[in-house]
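In what follows, a single structure is set out as structure tokens and then discussed.
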Amino acid sequence: MFNSTTLEVAIGMAFIYLLLSLFCTAFNEAIAGILGSRAKNLEKGIQSLFSDGLKSKGGEDGGSLVPAITLAQAVYDHGLVQSLYRSTASAKPTGLLSRIGTHLPSYIPSRTFSSALLDVLFPQTTATVGTNPTNLAGMLAELEKLPDSKAKQAICTLVKQAGGDMAATRSALEAWFDDGMDRAAGWYKRKTQFVLFAIGLIIAVGLNVDSIAIGRTLWISPALRSYSIAAAEQYAKTEGALTPKASDDLSTLESLSLPLGWNSAKYPWMETRMEGSISSQEFSRPRLLIVLAGWFLTAIAMTLGAPFWFDLLNQIMVVRSTIKPQEKSAPEAPKDPQ
Numbered sequence: 002m003f004n005s006t007t008l009e010v011a012i013g014m015a016f017i018y019l020l021l022s023l024f025c026t027a028f029n030e031a032i033a034g035i036l037g038s039r040a041k042n043l044e045k046g047i048q049s050l051f052s053d054g055l056k057s058k059g060g061e062d063g064g065s066l067v068p069a070i071t072l073a074q075a076v077y078d079h080g081l082v083q084s085l086y087r088s089t090a091s092a093k094p095t096g097l098l099s100r101i102g103t104h105l106p107s108y109i110p111s112r113t114f115s116s117a118l119l120d121v122l123f124p125q126t127t128a129t130v131g132t133n134p135t136n137l138a139g140m141l142a143e144l145e146k147l148p149d150s151k152a153k154q155a156i157c158t159l160v161k162q163a164g165g166d167m168a169a170t171r172s173a174l175e176a177w178f179d180d181g182m183d184r185a186a187g188w189y190k191r192k193t194q195f196v197l198f199a200i201g202l203i204i205a206v207g208l209n210v211d212s213i214a215i216g217r218t219l220w221i222s223p224a225l226r227s228y229s230i231a232a233a234e235q236y237a238k239t240e241g242a243l244t245p246k247a248s249d250d251l252s253t254l255e256s257l258s259l260p261l262g263w264n265s266a267k268y269p270w271m272e273t274r275m276e277g278s279i280s281s282q283e284f285s286r287p288r289l290l291i292v293l294a295g296w297f298l299t300a301i302a303m304t305l306g307a308p309f310w311f312d313l314l315n316q317i318m319v320v321r322s323t324i325k326p327q328e329k330s331a332p333e334a335p336k337d338p339q
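Remember, our numbering sits 1 above the position in the sequence shown when you count from 1.
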């Protein structure tokens, strides 16, 4: 079904996509660190759990209005979660810096979340509630003080299912939190794919990484295919092959001598025409469409991520190793006894 040339081109393309994906990942992680994307996504996930449910409606305290506070804010303000902050709440950035980054934690353990939430909901009973069935009524009475919301409905359901047992309630809240964080991780993954596509498209245009042109070059150049395969095999054996190293990855990509980069003397959408002994460059719309398609394919490949291309590269190498020996040994012609 596949000959060795097809597999060698596939190995070369997978290796190139792996290097570019690692560079995109490094670039994306730098952006996410500056913008605090993981912390903001975690905050959004916790807010979705509570659906902006209020801890209190607010009221008069000494003549001043006490503002309402959401359960998400109450959890974030708890001392257990505050200890995970990058900086104290008083040192929170203001102005433009508050939009660029965040001081919020990018990860909260499920046990820390459940302990903080239980202390917020049952401050007087957290340490004393045991397995007494009458505690269910007391816990529900505390929850009834909350304004009606989807968060109140969800927590009441979990408490009822736990039968008022604090340990079972803690486990239920932890499972609830883990399920919510799984959804938040899905949001972050989809958002990351869009970001990787944008970064991949910028790289494809900026470095002129045309997948169609690269594939054609690998197909017609056995020497380049051999060098790409040797480089891929050596790279796959290195320790920490999937660790993003932007400068090293670009250096490895440059060493492959592929048709990358821009040449002011010959743009990819220009076609050479010969009139006698005189050559000229003319704009070609079909060539431009092919180049645009090649850039788009490169950007799409970046959204799959480095782990995908690393696994695919190893699988193709295994397939090639099983086919190659069969091609080298031609079947012997049957002897005709006469």
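We put the CB at the ideal spot given by N, CA and C, even for glycine.
Since residue i contacts residue j with CB under 8 Å, what's their CB separation in whole angstroms?
i: Arg184; j: Gly46; result: 7 Å
i: Ala117; j: Val82; result: 5 Å
i: Arg112; j: Glu30; result: Not really, about 27 Å apart at Cβ, beyond 8 Å.
Quick one: Cα of residue i to Cα of residue j, how far?
i: Met303; j: Phe195; result: 10 Å
i: Ala233; j: Leu20; result: 10 Å
i: Trp177; j: Lys192; result: 23 Å
i: Ser38; j: Gln154; result: 30 Å
i: Ile324; j: Ser5; result: 7 Å
i: Ser229; j: Ile35; result: 35 Å
i: Ala169; j: Ser256; result: 59 Å
i: Asp149; j: Leu289; result: 60 Å
i: Gln162; j: Val292; result: 60 Å
Reducing DSSP to helix, strand and coil, say where residue i ends up.
i: Ser91; result: Any answer about Ser91 is weak, because its pLDDT of 45 lies below 50 and its placement is not dependable; what the coordinates show is given next. Residue state, collapsed to three classes: helix.
i: Asp62; result: Summary for Asp62: the model assigns pLDDT 47, below 50, so the residue's position carries little reliability; its value from the coordinates is reported in the next sentence. Note: Asp62 maps to strand in three-state DSSP.
i: Glu283; result: strand
i: Glu145; result: coil
i: Lys70; result: Checking the sequence, you will find Ile at residue 70 rather than Lys. Reduced to three states, the DSSP call for Ile70 is strand.
i: Thr273; result: strand
i: Leu21; result: helix
i: Ser150; result: coil
i: Asp166; result: coil
i: Val82; result: helix
Closer than 6 Å by C-beta to residue i: which residues in its own chain qualify, once you throw out the five before and the five after it? Chain order, please.
i: Cys340; result: Because the chain spans 2 through 339 in this model, residue 340 falls outside it and cannot be assessed.
i: Val121; result: Ala75
i: Tyr18; result: Ala302, Trp310
i: Phe114; result: Phe178
i: Leu313; result: Ala15
i: Arg321; result: Leu8
i: Leu254; result: Leu20
i: Val319; result: none
Less than 8 Å separating the beta-carbons of residue i and residue j?
i: Asp211; j: Trp263; result: no
i: Asn209; j: Pro269; result: yes
i: Gly181; j: Ser49; result: yes
i: Leu382; j: Ile109; result: The structure shown does not extend to residue 382, since the chain is modelled only from 2 to 339, so the question has no answer here.
i: Ala307; j: Leu259; result: no
i: Ala231; j: Asn315; result: no
i: Ser52; j: Ala173; result: no
i: Ser107; j: Ala27; result: no
i: Val10; j: Leu261; result: no
i: Ile203; j: Leu298; result: no
i: Ser252; j: Met271; result: no
i: Arg171; j: Leu119; result: yes
Excluding five sequence neighbours on each side, which residues of the same chain lie with their C-beta closer than 7 Å to the C-beta of residue i?
i: Lys146; result: none
i: Glu44; result: Leu105
i: Ile317; result: Leu8, Ala11, Ile12, Ala15
Compute every distance between the C-beta of residue i and the non-hydrogen atoms of the ligand FAD, then say whether any falls below 7 Å.
i: Thr6; result: Here there are no bound small molecules, and the ligand FAD is not part of this structure.
Got a sec? Which residues, its chain only, sit under 8 Å from residue i by beta carbon, not counting five neighbours each side?
i: Val206; result: Trp296
i: Cys157; result: Leu141, Leu144
i: Leu225; result: Gly13, Thr218, Leu219, Leu257, Ser258, Leu259
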